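Q: Take 1 as the starting number for the sequence shown in UniProt numbering and just add one per residue. What follows is a structure written as structure tokens; I'll ask about it next.
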Amino acid sequence: MSPKPLTQNPALRDVVYKNQWRDVFDGTLPDGWEPTLKVSVVTAAFNSATLPLTLASLAAQDYPEDLLEVVVIDDGSEVPVEIGEFAPKNTKLIRVPGDQGWGRSHALKVGIDASDGDIIYWVDSDMILFSDNVREHAKWAHFIPEAATIGHKGFVEEWDFTPEQVYDEVRSGEIRRHHDLDTLHRHWSLEVFEKTDELNTSSGRNYATHMGACATVTRAVYDRTNGQDPDLKLGDDTEIAYQMWQRGSVFIPVHSAQTYHLGRATIQDKAAEVSHFNNIHFAQRMPMPRYRRRADNRQWEVPYITAVVRTDVETAALARECVDRLLNQSESDLRVLLVGPWSSLQGGRRRVLADPLLELYLTAEWYRGEGRVQLVDEDPGDVFPSPYRLDLPVTVGLGSRAVQKMMRVAFGEDLGVANFFPPAGADVSDSVSVTFTAAASRAATYVSDDVSLVEALDAVWGVEWKPNLDLGFVDLRTADLDEKIKRADPEQVENLKARLARHKERLQETREELEELRERTVVSTVRRGVGRAARSAQRRLRA
Numbered sequence: 001m002s003p004k005p006l007t008q009n010p011a012l013r014d015v016v017y018k019n020q021w022r023d024v025f026d027g028t029l030p031d032g033w034e035p036t037l038k039v040s041v042v043t044a045a046f047n048s049a050t051l052p053l054t055l056a057s058l059a060a061q062d063y064p065e066d067l068l069e070v071v072v073i074d075d076g077s078e079v080p081v082e083i084g085e086f087a088p089k090n091t092k093l094i095r096v097p098g099d100q101g102w103g104r105s106h107a108l109k110v111g112i113d114a115s116d117g118d119i120i121y122w123v124d125s126d127m128i129l130f131s132d133n134v135r136e137h138a139k140w141a142h143f144i145p146e147a148a149t150i151g152h153k154g155f156v157e158e159w160d161f162t163p164e165q166v167y168d169e170v171r172s173g174e175i176r177r178h179h180d181l182d183t184l185h186r187h188w189s190l191e192v193f194e195k196t197d198e199l200n201t202s203s204g205r206n207y208a209t210h211m212g213a214c215a216t217v218t219r220a221v222y223d224r225t226n227g228q229d230p231d232l233k234l235g236d237d238t239e240i241a242y243q244m245w246q247r248g249s250v251f252i253p254v255h256s257a258q259t260y261h262l263g264r265a266t267i268q269d270k271a272a273e274v275s276h277f278n279n280i281h282f283a284q285r286m287p288m289p290r291y292r293r294r295a296d297n298r299q300w301e302v303p304y305i306t307a308v309v310r311t312d313v314e315t316a317a318l319a320r321e322c323v324d325r326l327l328n329q330s331e332s333d334l335r336v337l338l339v340g341p342w343s344s345l346q347g348g349r350r351r352v353l354a355d356p357l358l359e360l361y362l363t364a365e366w367y368r369g370e371g372r373v374q375l376v377d378e379d380p381g382d383v384f385p386s387p388y389r390l391d392l393p394v395t396v397g398l399g400s401r402a403v404q405k406m407m408r409v410a411f412g413e414d415l416g417v418a419n420f421f422p423p424a425g426a427d428v429s430d431s432v433s434v435t436f437t438a439a440a441s442r443a444a445t446y447v448s449d450d451v452s453l454v455e456a457l458d459a460v461w462g463v464e465w466k467p468n469l470d471l472g473f474v475d476l477r478t479a480d481l482d483e484k485i486k487r488a489d490p491e492q493v494e495n496l497k498a499r500l501a502r503h504k505e506r507l508q509e510t511r512e513e514l515e516e517l518r519e520r521t522v523v524s525t526v527r528r529g530v531g532r533a534a535r536s537a538q539r540r541l542r543a
């Protein structure tokens, strides 16, 4: 795990580096602390028999009543949901008409949009929360603005609770005596927590542990996402967690925020079916982890890399060379934003060959049918939800494996920004950079008159300069633009590497054989010499 960069700026000393939350707040509250942030609990219900138990447990929370609201979304239940006697004072019921959409994610989006708390808390309608649950979740957001907490749940397969009983026993603490959470079904996320020092070493890459049965995020982070995807029917909690990661969330397991989950985990009975369904939907929306995208040389809804190239009238011819080399990369999971004055192009009569904007027209035509290139007038700055932004000067051409090699550095070393020096003799402005979206999202919230973007990026994730050795950078201003662009076939490259390795092995074996032969020759020569000397001595003695 890379150490947190030292910063001399006092405004950045308490920011979380990557996902190392413990360095900022370890959960120990100062004496006399009381919460000030409002929590919005959102729960979707469809024919739920356990919702009254969930609401009763929420009514028994020790969190300040005026800082807790509950939004229940009736997702078209056959028997309409009614709020019973045991429910928090600030409980709101929203019914979703069937013709306006359906499903958990759609319902939760409706509920979140109707809430106004500083903290959004997803709670499924089959949960019983212990009395300090909301408080244990909410305290983290008071000290870490990007906090996204994951509670601890035990799966209870049989129960006979009543709402009144739940309310009384949650308030008194007696609810805990029914089951020892450590003896119930062990969720797979606990193994992840153990292997990653409670996610401190995960850099957020284990975002899938943030599951909506009992999880929170600050509204400040949620509002920077695209929100719940209403089209997802399963796995929506994983997809919004990915978005939260890319918007700077700090993921924190809160084992003290305990619950009973009433019923078996879906994955216990339908793991293969759920995985089969989700992997298709996840692959479209989440470029990471990389294993889900099993096919190369195709387009996805959210690209792994968004490359940004700026051009104008003077550089439009270079832009075609620059972008074509990008599209020719062995790492094909990318799209290109070609930034230029495209709105200045008109469809009226003009002298096409003498038009001063000729090269811009030709460039627009060149990419008219290319789905991976978008012509935009302004740099969007933000490439979310794409996890990586590649900034490439229009004057720089890349070898066909350059992006793949740069990503091994940016992703492999888990950098916020990886800068690569320009071709020899070029200005530093011709350098190439790869920026991690999660780092940029978090850093942006700390930029001020006293904090530069580079300072913030270094404080939250790390900024480094790297040599461009073996990246095949070409200065396009001096290159032959008529030469055909060729791509190194990755399979062919690997075959050549394997052949080279075999040749090196044979060469080493030959060297060892020669050395052995040399040693035998020396020994034989010495023996012959000794024999000749002995015979000569014997002749002299006889004489």
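Glycine included, every Cβ here is placed at the ideal spot set by N, Cα and C. As the structure is a computational prediction, the values presented were derived from the model and not from experiment.
So what's Gln-258 in DSSP terms, helix, strand or just coil?
A: Locating residue 258 in the sequence shown gives position 258, where the first residue counts as 1. The answer is strand: DSSP assigns Gln-258 an E or B state.
Q: For Ala-87, which residues from the same chain have a beta carbon less than 6 Å from its beta carbon, with the 5 sequence-adjacent residues on both sides left out?
A: Looking up residue 87 in the sequence shown gives position 87. Closer than 6 Å at the Cβ level, and outside the excluded window around Ala-87, lie Leu-55 and Ala-59.
Q: Among Tyr-388, Asp-450, Thr-196 and Glu-169, which residue has its Cα nearest to the Cα of Gln-61?
A: As a first step, residue 61 is located in the sequence shown; it is residue number 61 there, counting from the start. Among Tyr-388, Asp-450, Thr-196 and Glu-169, the Cα nearest to that of Gln-61 is on Glu-169.
Q: Helix or strand or just coil, what does DSSP make of Glu-69?
A: Start at 1 with the first residue of the sequence shown, and residue 69 comes out as number 69. Note: Glu-69 maps to strand in three-state DSSP.
Q: For Phe-251, does the three-state DSSP call read helix, strand or coil?
A: Here residue 251 corresponds to residue number 251 of the sequence shown, with the count starting at 1. In this structure, Phe-251 counts as strand in the three-state DSSP scheme.
Q: Enumerate, from N- to C-terminal direction, the unbroken alpha helix (DSSP H) stretches of 4 or more residues contained entirely within the segment 378-461.
A: If we require 4 residues or more, the alpha helix (DSSP H) runs fully inside the segment 378-461 come out as 402-410, 437-444 and 453-460.
Q: Assign Arg-13 to buried or exposed, taking buried as 16 or more other Cβ atoms, counted over all protein chains shown, within 10 Å of its Cβ.
A: Counting from one through the sequence shown, the residue named residue 13 turns up at place 13. Exposed, because fewer than 16 other Cβ atoms sit within 10 Å of the Cβ of Arg-13.
Q: Taking Thr-315 as part of the beta strand (DSSP E), name the residues at either end of that continuous run.
A: Counted from its first residue, the sequence shown places residue 315 at position 315. No beta strand (DSSP E) holds Thr-315; DSSP gives it neither H nor E.
Q: Give the straight-line distance between the Cα atoms of Ile-120 and Asp-450, rounded to the nearest whole angstrom.
A: To locate residue 120, count along the sequence shown from 1; it is residue 120. To locate residue 450, count along the sequence shown from 1; it is residue 450. For Ile-120 and Asp-450, the distance between alpha carbons rounds to 31 Å.
Q: What is the DSSP secondary structure of Asp-237, counted as helix, strand or coil?
A: The count along the sequence shown starts at 1 and reaches residue 237 at position 237. It is helical.
Q: Determine the DSSP secondary structure at Trp-245, reduced to helix, strand or coil.
A: One-based indexing of the sequence shown puts residue 245 at position 245. Looking at Trp-245 - three-state DSSP - the assignment turns out to be helix.
Q: So, with DSSP's three-state summary, where would you put Val-192?
A: In the sequence shown, the residue the question calls residue 192 occupies position 192. It is helical.
Q: Please name the residue in Glu-157, Glu-158 and Ile-175 whose C-alpha comes closest to that of Glu-164.
A: Your numbering for residue 164 matches position 164 in the sequence shown. Nearest C-alpha to Glu-164: Ile-175.
Q: Among Leu-338, Trp-140 and Val-352, which has the Cα closest to the Cα of Tyr-367?
A: For the purposes of this step, residue 367 is identified with residue 367 of the sequence shown, where counting begins at 1. Considering only alpha carbons, the answer is Leu-338.
Q: Between Tyr-207 and the rest of its own chain, which residues show a CB-CB distance below 6 Å, the 5 nearest in sequence each way excluded?
A: Translated into the one-based positions of the sequence shown, residue 207 becomes position 207. Counting only Cβ-Cβ distances below 6 Å, and skipping sequence neighbours, we find Ala-241, Tyr-242 and Trp-245.
Q: Just reading off the alpha helix (DSSP H) that Gly-111 is part of, what are its end residues?
A: Position 111 of the sequence shown, counting from 1, holds the residue named residue 111. Start and end: 104-113.
Q: Where Lys-153 and Asn-47 are concerned, what is the direct C-alpha to C-alpha distance, given to the nearest angstrom?
A: Within the sequence shown, the letter at position 153 stands for residue 153. Within the sequence shown, the letter at position 47 stands for residue 47. Whole-angstrom Cα-Cα distance: 22 Å.
Q: List the whole-angstrom C-beta distance separating Ser-441 from Arg-247, where the pair is believed to meet the contact cut-off of C-beta under 8 Å.
A: In the sequence shown, residue 441 corresponds to position 441, counting from 1. In the sequence shown, residue 247 corresponds to position 247, counting from 1. Right, the Cβ-Cβ distance comes to about 5 Å (below 8 Å), so this counts as a contact.
Q: Taking all protein chains shown into account, do 16 or more other C-beta atoms lie within 10 angstroms of the C-beta of Gln-284, making it buried, or fewer, making it exposed?
A: Along the sequence shown, read from residue 1 onward, the residue named residue 284 stands at position 284. Exposed: under 16 other Cβ atoms inside 10 Å.
Q: Decide if Lys-109 is buried, meaning its Cβ has at least 16 other Cβ atoms within 10 Å, or exposed.
A: Start at 1 with the first residue of the sequence shown, and residue 109 comes out as number 109. By the 10 Å Cβ count, Lys-109 comes out buried.
Q: Going by C-alpha to C-alpha distance, which of Thr-259, Gln-404, Trp-33 and Arg-325 sits closest to Pro-64?
A: Against the sequence shown, residue 64 aligns to sequence position 64. That would be Trp-33, whose Cα lies nearest to the Cα of Pro-64.
Q: To the nearest whole angstrom, what separates the beta carbons of Trp-219 and Asp-118, a pair I think is in contact under 8 Å?
A: By one-based count along the sequence shown, residue 219 stands at place 219. By one-based count along the sequence shown, residue 118 stands at place 118. Residue identity check: residue 219 is Arg in the sequence provided, not Trp. Arg-219 to Asp-118, Cβ: 6 Å. Contact.
Q: At what residues does the alpha helix (DSSP H) containing Ile-128 begin and finish?
A: Start at 1 with the first residue of the sequence shown, and residue 128 comes out as number 128. Segment 127-129 is the beta strand (DSSP E) holding Ile-128; no alpha helix (DSSP H) there.
Q: With burial defined as no fewer than 16 other Cβ atoms inside 10 Å of the residue's Cβ, what is the status of Leu-129: buried or exposed?
A: Here residue 129 refers to the residue found at position 129 when the sequence shown is read from its first residue. With 16 or more Cβ atoms within 10 Å of its Cβ, Leu-129 is classed as buried.
Q: In the DSSP assignment, the beta strand (DSSP E) including Lys-92 goes from what residue to what residue?
A: For the purposes of this step, residue 92 is taken as the residue at position 92 of the sequence shown. Start and end: 91-95.
Q: Quick one: grab the DSSP three-state call for Lys-466.
A: Within the sequence shown, the letter at position 466 stands for residue 466. In the structure shown, Lys-466 sits in a strand (DSSP, three-state: E or B).
Q: Got a sec, what are the start and stop residues for the beta strand (DSSP E) Lys-18 sits in?
A: Here residue 18 corresponds to residue number 18 of the sequence shown, with the count starting at 1. Where Lys-18 is concerned, there is no enclosing beta strand (DSSP E), given that its DSSP letter is neither H nor E.
Q: Which runs of the beta strand (DSSP E) at least 3 residues long sit entirely within the segment 30-87? Give them in chain order.
A: Segments of the beta strand (DSSP E) lying fully in the segment 30-87: 39-45 and 68-74.
Q: Would you mind sorting Thr-363 into buried or exposed? The rule is 16 or more other CB atoms within 10 Å of its CB.
A: Here residue 363 refers to the residue found at position 363 of the sequence shown. So Thr-363 ends up on the buried side.
Q: How long is the line joining the alpha carbons of Trp-461 and Ala-107, rounded to whole angstroms?
A: On the sequence shown, residue 461 is found 461 positions in, with the first residue counted as 1. On the sequence shown, residue 107 is found 107 positions in, with the first residue counted as 1. If I take the Cα positions, the gap works out to 35 Å.
Q: Can the beta-carbon of Tyr-388 be found closer than 8 Å to that of Ile-305?
A: Here residue 388 is taken as the residue at index 388 of the sequence shown, counted from 1. Here residue 305 is taken as the residue at index 305 of the sequence shown, counted from 1. Against a cut-off of 8 Å, the Cβ pair of Ile-305 and Tyr-388 comes out as a contact.
Q: Locate the alpha helix (DSSP H) running through His-187, then write down its first and last residues.
A: Taking the sequence shown and counting its residues from 1, one reaches residue 187 at position 187. Premise fails: His-187 is in no alpha helix (DSSP H) and is neither H nor E.
Q: What do you reckon, are the CB atoms on Cys-322 and Val-309 nearer than 8 Å?
A: The residue given as residue 322 occupies position 322 in the sequence shown. The residue given as residue 309 occupies position 309 in the sequence shown. Contact flag set, yes.
Q: Helix or strand or just coil, what does DSSP make of Lys-504?
A: Within the sequence shown, numbered from 1, the residue matching residue 504 stands at position 504. Looking at Lys-504 - three-state DSSP - the assignment turns out to be helix.
Q: Could you check what DSSP says for His-210 in three-state terms: helix, strand or coil?
A: Counted from its first residue, the sequence shown places residue 210 at position 210. Coil at His-210, not helix or strand.
Q: Could you pull the start and end residues of the alpha helix (DSSP H) that Ala-271 belongs to?
A: For this step, residue 271 is matched to residue 271 along the sequence shown. Note, Ala-271: alpha helix (DSSP H), 266-285.
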